[in-house]
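In mature numbering (1 follows the signal peptide of the UniProt record, and there is no 0), the protein residues as written are -20 to -1, 1 to 141.
Think of the CB as a built atom: it goes at the ideal place given N, C-alpha and C, for glycine as much as any other residue.
This one's a predicted model, so the numbers in the text were calculated from it and none came from an experiment.
The following block contains the structure:
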């Protein structure tokens, strides 16, 4: 009797897949699209050199456009590379030329919709370039934004210097 119930229990566990590895409760915040960039320092240095503006910021809004673009509304927290005067950002304190910390809001355009977007209220690192289109000034992403972690900010700061 006990052997029969043990066999039934083993068959039930095998049918439900209980021996499989359980899913992690916490999802890592690194986007799958940018993992190769953050772990390859040569590629990250190249992308940093291509970008004209590098800054950290908090995502306040994400909108998908009809033409396959994505628009991030970002509150700039810290400027790592570039001059805010070039893009016409209104600075609330200090001067834009020597500014390291800011509280300005800007729109950044992404043309890649294959990667999942950063969620609202997520801090990220934005590697962007300036683009003029029809008389209006846009910042467009060189790569999708990286989630702000101590490791990623350390690599980016070293690549900027």
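Pairing residue 42 with residue 111, the inter-Cα distance amounts to about 19 Å. Remark: fewer than three beta-carbon pairs, one from each stretch, lie closer than 8 Å, so the region 90 to 104 and the region 19 to 29 are not flagged as touching. Your pair residue 34 and residue 62 checks out as a contact, with CB atoms roughly 7 Å apart and the cut at 8 Å.
In this model, residue 66 and residue 20 are separated by some 30 Å (Cα to Cα).
The closest CA to that of residue 98, considering only 123, 22, 135, 31, is found on 123.
In the DSSP secondary-structure assignment, residue 61 is bridged to 34. Less than 8 Å separates the beta-carbon of residue 54 from that of residue 85. Excluding sequence positions up to five before and after residue 38, its CB lies within less than 6 Å of the CB of 55, 103, all in the same chain and listed in chain order.
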